[in-house]
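Participant: These protein sequence lines map, in sequence, to chains A and B.
According to UniProt numbering, numbering within the first sequence proceeds without interruption in unit steps and concludes at 230.
According to UniProt numbering, numbering within the second sequence proceeds without interruption in unit steps and concludes at 230.
Heads up, the beta-carbon is just placed ideally off N, CA and C, and yes, glycines get one too.
Sharing a structure here in structure tokens format.
Number of protein chains: 2
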Amino acid sequence: MRVVVPFAAETPKTRLESVLTPAERGAISRAMLADVLSAIVGAGHEPRIVSTAPLDLETLELPSEVTASTSVTVDARPLTEAVNARLPGSGARDDMDDDPDAVAVVMADLALATPDALEALLSTDADVAIAPGRGGGTNALVVRHPEFFVDYHGCSYLDHREIAREVGASLETIDSFRLATDIDEPSDLVEVLVHGRETDRAPACLRGFGFELDDHDGRVAIARSDQVPK
Amino acid sequence: MRVVVPFAAETPKTRLESVLTPAERGAISRAMLADVLSAIVGAGHEPRIVSTAPLDLETLELPSEVTASTSVTVDARPLTEAVNARLPGSGARDDMDDDPDAVAVVMADLALATPDALEALLSTDADVAIAPGRGGGTNALVVRHPEFFVDYHGCSYLDHREIAREVGASLETIDSFRLATDIDEPSDLVEVLVHGRETDRAPACLRGFGFELDDHDGRVAIARSDQVPK
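Structure, rendered in structure tokens:
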């Protein structure tokens, strides 16, 4: 299946600015993108990065089988517009795709995504399947209905349920902690260190910056073993 | 299966004190407990509340079939001790239980728990199955190994993985957003309003306090339509 991965290449992860330098935010964004791409390819699908600015796949240092399955398109439009232009109802067609009437959209900061978690989302029969994120977001979805469209502003999970209802699309919600965890804020980095797998890039990236888990006061946080001036 | 539900009856939900009065914190704790008990009974299991103080089941206003399956024991010990005293290795046995060698522990503040989400946890074959919570916690687990014990302090999810490894117990991690969402902090209340089902008590309780979803600035929060002095 065609799996659109929107990527904000220019201003990555601004909500992490209290704990990461701009260069570090760029590096962790690319590491998370690499992990998401690997999970999509691991689930047997083909990632189509839609980046707000040119992105050289080489710089992601992906395994060759991931690079071979991945394409990049630049689209500077806002997220909602860029995604809607690629949904089944948009008229966009891709001869390379074995199922042009189904399109998935997976956010690039789902650092905990695994092939299993993605497959649970991608393999439903519903017209629209949504993996909600914390705070009412839509972290990943599959669209098989030509009239469905996205609107990522506000409580998009509830809005997408309502849009599905209005266009008569069946809807399934995927209950996955891994897909619900987008990495936006400093407290989210804990999840990367707790649940990241050994082969994942994002936890290695954070550890490279000197971060480790810190539970000395009974609540788990992250701390830098070697505080770097930012 | 015997499903232990630890309940802090005396100082409920202190981390919600910035948004809820003490009486409201008590009410939302009991509403969440009622929802958890209903989900456990809905999954075909029997909740055993272990409360830090006496608790009158009548005050929970449960459906009769839930009350009939639920028992309450008072145990004032800290959480870890109270749970360890009820695991398979503790020697505690219950003739009423059809599977005395398996014990589940489900936290009382998993307001989004559903029978399906619980069944995914309770039906594994692993010696130990864990549904992690955000921040490295252990929100629910099943223990079928006589040497496994819990330690809820710190990053308990990683500690429990390590304990399982040390005692030679097989381990499975359950990927569930519903079970990963414990309601501890004000931002967690958003999840209750977004994902609570119509029959659930906790969202009705919050709406009764005047809370509603507020996404006017593009990020979803909760707001009180009628600010009550606290």
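Counting only runs that start and end within the stretch 188-226 of chain A, where is the beta strand (DSSP E) found for 3 or more residues in a row?
Facilitator: 211-214, 221-224
Participant: Let me know the alpha helix (DSSP H) ranges lying completely inside the stretch 36-84 of chain B, each 4 residues or longer, listed in chain order.
Facilitator: 64-69, 79-84
Participant: In angstroms with no decimal places, state the Cα-to-Cα distance between residue 47/B and residue 53/A.
Facilitator: Working through the second sequence from its first residue, we reach residue 47/B at position 47. Working through the first sequence from its first residue, we reach residue 53/A at position 53. Those two C-alpha atoms are separated by around 54 Å.
Participant: Tell me the rounded alpha-carbon separation between residue 216/B and residue 187/A.
Facilitator: One-based indexing of the second sequence puts residue 216/B at position 216. One-based indexing of the first sequence puts residue 187/A at position 187. Taking the straight line from one Cα to the other gives about 24 Å.
Participant: What are the boundary residues of the alpha helix (DSSP H) that residue 115/B is part of?
Facilitator: Working through the second sequence from its first residue, we reach residue 115/B at position 115. It spans 115-122 - the alpha helix (DSSP H) in which residue 115/B sits, taken as one unbroken run.
Participant: If you count every other CB in all the chains shown that lies within 10 Å of the CB of residue 2/A, and 16 or more means buried, which is it?
Facilitator: Here residue 2/A corresponds to residue number 2 of the first sequence, with the count starting at 1. Buried.
Participant: Please state whether DSSP places residue 14/B in a helix, a strand or coil.
Facilitator: Within the second sequence, the letter at position 14 stands for residue 14/B. In this structure, residue 14/B counts as helix in the three-state DSSP scheme.
Participant: Would you say residue 213/A faces chain B, with C-beta separation under 7 Å as the test?
Facilitator: For the purposes of this step, residue 213/A is identified with residue 213 of the first sequence, where counting begins at 1. It does; some Cβ of chain B falls within 7 Å.
Participant: For residue 57/B, collect the residues of the same chain with a Cβ closer than 7 Å to its Cβ; drop the 5 residues on either side in sequence, then sort them by chain order.
Facilitator: The residue given as residue 57/B occupies position 57 in the second sequence. Hits under 7 Å: 67, 70, 72.
Participant: Cutting at 8 Å between CB atoms, please list the residues of its own chain near residue 185/A, excluding the five before and the five after it.
Facilitator: Start at 1 with the first residue of the first sequence, and residue 185/A comes out as number 185. Taken in chain order, the residues that qualify are 15, 16.
Participant: Which bits of chain B does residue 298/A rub up against, with CB to CB less than 7 Å?
Facilitator: This structure cannot settle anything about residue 298/A, because the visible part of chain A is limited to 1 through 230.
Participant: Whole angstroms are fine: how far does the CA of residue 107/B sit from the CA of residue 180/B?
Facilitator: Here residue 180/B refers to the residue found at position 180 when the second sequence is read from its first residue. Here residue 107/B refers to the residue found at position 107 when the second sequence is read from its first residue. Cα-Cα distance, rounded: 11 Å.
Participant: If we count the other Cβ atoms within 10 Å of its Cβ and call it buried at 16 or more, is residue 63/A buried or exposed?
Facilitator: As a first step, residue 63/A is located in the first sequence; it is residue number 63 there, counting from the start. Exposed, because fewer than 16 other Cβ atoms sit within 10 Å of the Cβ of residue 63/A.
Participant: Check this for me: beta carbons of residue 203/B and residue 192/B, under 7 Å apart or not?
Facilitator: Working through the second sequence from its first residue, we reach residue 203/B at position 203. Working through the second sequence from its first residue, we reach residue 192/B at position 192. In this structure, residue 192/B lies closer than 7 Å to residue 203/B by Cβ.
Participant: Excluding sequence positions up to five away, which residues of its chain have a Cβ less than 7 Å from the Cβ of residue 161/B?
Facilitator: Counting from 1 along the second sequence, the entry for residue 161/B is found at position 161. Here the set comprises 171.
Participant: Residue 132/A versus chain B: which residues are under 8 Å apart at the beta carbon?
Facilitator: The sequence position of residue 132/A within the first sequence is 132, counting from 1. Simply 177, 194, 195.
Participant: Check residue 229/B in the structure and name its three-state DSSP category.
Facilitator: For the purposes of this step, residue 229/B is identified with residue 229 of the second sequence, where counting begins at 1. Bear in mind that a pLDDT of 45 at residue 229/B, under 50, signals an unreliable position, so the number given afterwards is only what the model happens to contain. If DSSP states are grouped into helix, strand and coil, residue 229/B belongs with coil.
Participant: Beta-carbon of residue 104/B versus every beta-carbon of chain A: anything under 7 Å?
Facilitator: For the purposes of this step, residue 104/B is taken as the residue at position 104 of the second sequence. For residue 104/B, the answer is no, since every Cβ of chain A falls outside 7 Å of its Cβ.
Participant: Please report whether the beta-carbon of residue 190/B lies at a distance below 7 Å from any beta-carbon of chain A.
Facilitator: If you number the second sequence from 1, residue 190/B lands on position 190. So, interface residue.
Participant: Do you know whose CA, among 4/B, 88/B, 30/B, 118/B, lies nearest residue 177/B's CA?
Facilitator: Reading the second sequence from its first residue, position 177 is the one you call residue 177/B. Among 4/B, 88/B, 30/B, 118/B, the Cα nearest to that of residue 177/B is on 118/B.
Participant: What's the gap between the Cα of residue 40/B and the Cα of residue 115/B?
Facilitator: For the purposes of this step, residue 40/B is identified with residue 40 of the second sequence, where counting begins at 1. For the purposes of this step, residue 115/B is identified with residue 115 of the second sequence, where counting begins at 1. In a straight line, the C-alpha of residue 40/B is about 6 Å away from that of residue 115/B.
Participant: Here's the rule: buried if 16 or more other CB atoms are within 10 angstroms of the residue's CB, otherwise exposed. What is residue 137/B?
Facilitator: For the purposes of this step, residue 137/B is taken as the residue at position 137 of the second sequence. Flag for residue 137/B reads buried.
Participant: So residue 117/B contacts chain A; which residues on that side make the cut at Cβ distance below 9 Å?
Facilitator: Translated into the one-based positions of the second sequence, residue 117/B becomes position 117. 175, listed in chain order.
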